[in-house]
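Q: Take a look at the following structure, please.
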Amino acid sequence: MKILVTGGTGYIGSHTVVELLNSGFKVIVLDNLSNSNIEVLNGIESITGVRPEFHQVDITDKISLKKVFEYNGDISSVIHFAALKAVGESVIDPMLYYRNNILGFINLLDVMIGSNVLNIVFSSSCTVYGQAEELPVTELSPVKEAESPYGYTKQCGERFLNDLSAATKLKSIALRYFNPIGAHDSALIGELPIGVPNNLVPYITQTAAGEREILTVNGNDYPTPDGTNIRDYIHVVDIAKAHVIAVQRLIDNATVENPEIFNLGTGRGNSVMEIINVFEKVTERKLNYKIGPRRAGDVISIYSDTKKANEILGWRAERDLENMLLTAWNWQKRISNVKN
Ligand code: NAD
Ligand code: UFG
Numbered sequence: 023m024k025i026l027v028t029g030g031t032g033y034i035g036s037h038t039v040v041e042l043l044n045s046g047f048k049v050i051v052l053d054n055l056s057n058s059n060i061e062v063l064n065g066i067e068s069i070t071g072v073r074p075e076f077h078q079v080d081i082t083d084k085i086s087l088k089k090v091f092e093y094n095g096d097i098s099s100v101i102h103f104a105a106l107k108a109v110g111e112s113v114i115d116p117m118l119y120y121r122n123n124i125l126g127f128i129n130l131l132d133v134m135i136g137s138n139v140l141n142i143v144f145s146s147s148c149t150v151y152g153q154a155e156e157l158p159v160t161e162l163s164p165v166k167e168a169e170s171p172y173g174y175t176k177q178c179g180e181r182f183l184n185d186l187s188a189a190t191k192l193k194s195i196a197l198r199y200f201n202p203i204g205a206h207d208s209a210l211i212g213e214l215p216i217g218v219p220n221n222l223v224p225y226i227t228q229t230a231a232g233e234r235e236i237l238t239v240n241g242n243d244y245p246t247p248d249g250t251n252i253r254d255y256i257h258v259v260d261i262a263k264a265h266v267i268a269v270q271r272l273i274d275n276a277t278v279e280n281p282e283i284f285n286l287g288t289g290r291g292n293s294v295m296e297i298i299n300v301f302e303k304v305t306e307r308k309l310n311y312k313i314g315p316r317r318a319g320d321v322i323s324i325y326s327d328t329k330k331a332n333e334i335l336g337w338r339a340e341r342d343l344e345n346m347l348l349t350a351w352n353w354q355k356r357i358s359n360v361k362n
C-alpha cells in the first residue's frame, strides 16, 4: 500500500514515515523543506534501510502537486502534516497561515478527490479546544473560537473534512495532538526547530547544550499546584504509531464516523516545573532557568481524555515522561555535538 506523506521530512512526519516503513507500507514523502532539511531522509534510511521517494513540492502549487499524483497512480491514502505551526507568527502574519495551511489543504483535497484518492489522515491540534471548561477534554468537548489564526486553520481543516464527507466519497480521520516531544531512540531523527525555539522542550535541550543561555519559565502565578502551566506531553513515536493505525483503519474501510476525530495524548498533565525537574533528573544536569512573565495566549491547563483512541483505535501512549525527555536530550546531544 502506497501512502503519500505531506510534511514528511518534518518532526512528526519523519517519525511517522519510519513507523510506516517499519510496518511494510510504501511511502512517498512530499515537502517544500520550508521547515525541515533534506538530510532527514538520511536518518530515515539509516533507521529503516529504505530511502523513500521524495518530491520537493509546495502544496500551494497545485500543478506540481497534481503531477505527484499522476506520477504515482496507485496512492491509497494521504497523511497530511504539511503546515506552518508557530502560533505567534500566525498572529503577526495571518495571510501566510491562510495561504499555506488553508489554501494548501484545499489544493490537496481537490487534487486527491480529482485523482480518486479518498483516504486522509489530518494533523489537528488540541488548540481547537482553547481553555476548556472541564478537564480532561474529550472529543465532544466544545471547540472554542480560535485564539490564533493558526488555531483557526486547524478548525477550518476539520470543517473541510466534515463538509466533504457529506458531499463526496472522501473518508477521513483527524488526530488532535496534545504536546508532542521526544525523538527517535536512535537519535537519528528528532525535532529541528529553525531559529529560536518557541516550544518548551527544544528550548530546554538547547539551553542544556549551551546553545541558549537561560530558559524563561513563562509565569508561575497560574492557578495550578506549582503556579506553572499544565500540558499533556506525549512521545512523538507514540503519535507516529497512531498514524499507522489510523491509515490502516481507512484502508480497511473500518471508520464509523466521517471524519473520525481522536485526541492523541497520554491523559496526564504535567506542569512546566515538573518538566524541568524530570529533565534534570534523567540527564543528571542542572538547567539554567528563571521565572518570567506569562506568555500571551497560553491556556492555564489542558490534558486529554484518551478513552476514544484507546477503545476504538486500540492505541495507547506507551512512553513516559522520562523517556520523552531522555530521547529529546540524546537527539540534542548528537546534533549539538555534546560529549556526555
Ligand atoms: P514541522 O514544521 O516539523 O513539519 C511540517 C513540515 O511541513 C515541514 O517539513 C515543512 O517544511 C512542511 N511544509 C510546511 N508548509 C508546506 C507547504 N506549503 N508545502 C509542503 N510542505 C510544507 O511540524 P510538526 O511539528 O511535524 O507538525 C506537523 C503537523 O502537526 C502540522 O500540521 C502541525 O500544525 C501539527 N501539529 C503539531 C503540533 C506540535 O506541537 N508539533 C501540535 C499539534 C499539531
Ligand atoms: N514555555 C516556557 N518557556 C519557554 C517555552 C514554553 O515556560 O521557553 C511554557 C509555555 O508557556 C507553556 C508550556 O511551556 O506553558 C508549553 O509550551 P509550548 O510552546 O511547548 O506548547 P504549547 O502548549 O503552547 O503549544 C503547542 C504547539 C502548538 C499546538 C499546541 C497544541 O506549539 O502548535 O501545542 O497542540 F497547537
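Heads up: the sequence shown is residues 23 to 362, going by my numbering. No residue lacks a Cβ here, since even glycine has one placed at the ideal position from N, Cα and C.
1) Between the beta-carbon of residue 202 and the beta-carbon of residue 116, is there less than 8 Å?
2) Quick check on the DSSP output: the alpha helix (DSSP H) that includes residue 91 runs from which residue to which?
3) Could you say which of 102, 195, 61 lies nearest to residue 279 if we only look at CA atoms?
4) Look at residue 175 and residue 97 and say whether their C-beta atoms are less than 8 Å apart.
5) Answer yes if the stretch 318 to 337 comes into contact with the stretch 279 to 299, meaning at least three C-beta pairs across the two stretches below 8 Å, and no otherwise.
6) Check whether the Cβ of residue 225 lies closer than 7 Å to any heavy atom of the ligand UFG, and answer yes or no.
7) With respect to the beta strand (DSSP E) encompassing residue 75, which residues constitute its N-terminal and C-terminal limits?
8) Output the distance between the C-alpha atoms of residue 63 and residue 281, rounded to the nearest integer angstrom.
9) Who are the Cβ neighbours of residue 35 in its own chain at under 7 Å, not counting the five residues just before and after it?
10) Quick check: is any heavy atom of the ligand UFG less than 7 Å from the C-beta of residue 178?
11) Pop quiz: residue 372 and residue 199 are said to be a contact at Cβ under 8 Å. What is the actual Cβ separation, rounded to whole angstroms?
12) On a Cα-Cα basis, can you pick out the residue from 301, 318, 350, 46 that is closest to residue 111?
13) What number of angstroms, rounded off, separates the C-alpha of residue 241 from the C-alpha of residue 76?
14) On the DSSP letters alone, give me the boundaries of the alpha helix (DSSP H) that residue 164 sits inside.
15) Count the CB pairs spanning the stretch 248 to 263 and the stretch 290 to 309 that are closer than 8 Å, and state whether there are at least three.
16) Quick check on DSSP: helix, strand or coil for residue 314?
17) Is it the case that the CB of residue 237 approaches a heavy atom of the ligand UFG more closely than 7 Å?
18) Along the chain, where does the alpha helix (DSSP H) that runs through residue 350 open and close?
19) Near residue 107, which residues of its chain fall below 7 Å by C-beta distance, leaving aside the five closest residues on each side in sequence?
20) Nearer than 7 Å: is that true of the beta carbon of residue 107 relative to any heavy atom of the ligand NAD?
21) Under the three-state reduction of DSSP, which class applies to residue 146: helix, strand or coil?
22) Considering residue 271, what are the terminal residues of the alpha helix (DSSP H) in which it resides?
23) In three-state DSSP terms, what is residue 64?
24) Tell me the rounded alpha-carbon separation between residue 237 and residue 324.
25) Please check the pair residue 360 and residue 45, which I expect to be a contact at CB under 8 Å, by giving their CB distance rounded to whole angstroms.
26) Given a cut-off of 8 Å on the beta-carbon distance, is the pair residue 43 and residue 49 in contact?
27) What ranges does the alpha helix (DSSP H) occupy inside the stretch 112 to 138, keeping only unbroken runs of at least 4 residues that lie completely in it?
28) Could you tell me whether the stretch 259 to 276 touches the stretch 330 to 342, using the rule of 3 or more Cβ pairs below 8 Å?
A: Taking the definition as stated:
1) no
2) 84 to 93
3) 195
4) no
5) yes
6) yes
7) 75 to 78
8) Computed Cα separation, rounded: 31 Å.
9) Closer than 7 Å at Cβ, skipping near neighbours: 27, 29, 103.
10) no
11) Nothing about residue 372 can be reported from this structure: the residues present for the chain run from 23 to 362 only.
12) 318
13) Their backbone Cα atoms lie some 43 Å apart in a straight line.
14) Element bounds for residue 164: n/a, residue is neither H nor E.
15) yes
16) Residue 314 falls in the strand class under three-state DSSP.
17) yes
18) 343 to 358
19) 172
20) yes
21) Three-state result, residue 146: strand.
22) 258 to 273 is the extent of the alpha helix (DSSP H) around residue 271.
23) helix
24) 22 Å
25) The Cβ separation is near 33 Å, so there is no contact.
26) yes
27) 116 to 119, 126 to 136
28) yes
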